[in-house]
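Numbering (the numbering used here), first residue to last: 243 to 419.
From the three backbone atoms N, C-alpha and C, an ideal C-beta is built for every residue, glycine too.
Please read the structure below before turning to the comments.
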Amino acid sequence: MLIVKNYTGDRLNFSLTAELAQADGIPCEIVFVADDAGLRNLVARDRRRGLARTVLIHKLAGAAAAAGKPLAEIAQIARDAAEDLVTMGVGLGACIVPTAGQPSFELGADEVEFGLGIHGEKGVECGPTASSAEIVARILDTLEAELGDRLKGPVGLLVNGPGATPPLDLRSSQVMR
243 MLIVKNYTGD RLNFSLTAEL AQADGIPCEI VFVADDAGLR NLVARDRRRG LARTVLIHKL
303 AGAAAAAGKP LAEIAQIARD AAEDLVTMGV GLGACIVPTA GQPSFELGAD EVEFGLGIHG
363 EKGVECGPTA SSAEIVARIL DTLEAELGDR LKGPVGLLVN GPGATPPLDL RSSQVMR
């Protein structure tokens, strides 16, 4: 089973890989993850980027496989979960993609970027730096709006620090509500 973040190049390459495997008689399922709620007002759900929730899809699929479920059922579990998982990237600075050698965008010392992508893509909105509680509230409001009626009970939280996030900032106490 291939679990793929929803980026054009990844879709093309992994779809071709799945076709080649199937042509060789290898059972193969592909699951695309498009969980970026930061783009919710700009891009249709099936065209959004895949972000951190892909990790949880891997965990769910792995647990189903370890339980001996058949491939088609594992893929359906992953697809169902992908429909109910949302993510929003936030950053205080841009990453430096090695081939570019420079930040992909600039932020002032008192600015925060909402809706970042995992490949250094600029977000959808730049705002003033705020407390962690205010930033978390903004993220949760966006995620709750994206989930809408699907949000019926407790939710799980994955706090992701893609490399340069200090451990103190990875604490989840601000999101307990």
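Bounds of any alpha helix (DSSP H) do not take in Glu-348, whose DSSP letter is neither H nor E. Annotated three-state conformation of Val-332 is strand, per DSSP. Rounded to the nearest whole angstrom, the C-alpha separation of Ala-323 and Thr-384 is 19 Å. Within the model, the alpha-carbon separation for Val-378 versus Glu-386 is close to 12 Å. In this structure, the CA atom of Asn-248 is about 14 Å from the CA atom of Arg-282.
Partner residues in the beta bridge of Lys-247, as assigned by DSSP, are Val-275. Per DSSP, Glu-388 is one residue of the alpha helix (DSSP H) stretching across 374 to 389. When C-alpha distances from Gly-280 are compared across Val-273, Arg-392, Met-330, Glu-353, the shortest belongs to Met-330. Leu-258 sits exposed, since fewer than 16 C-beta atoms from the chains shown fall within 10 Å of its C-beta.
The C-beta distance from Val-332 to Phe-356 rounds to 6 Å, short enough to fall under 8 Å. Counted as a single uninterrupted DSSP element, the beta strand (DSSP E) harbouring Gly-369 occupies residues 367 to 370.
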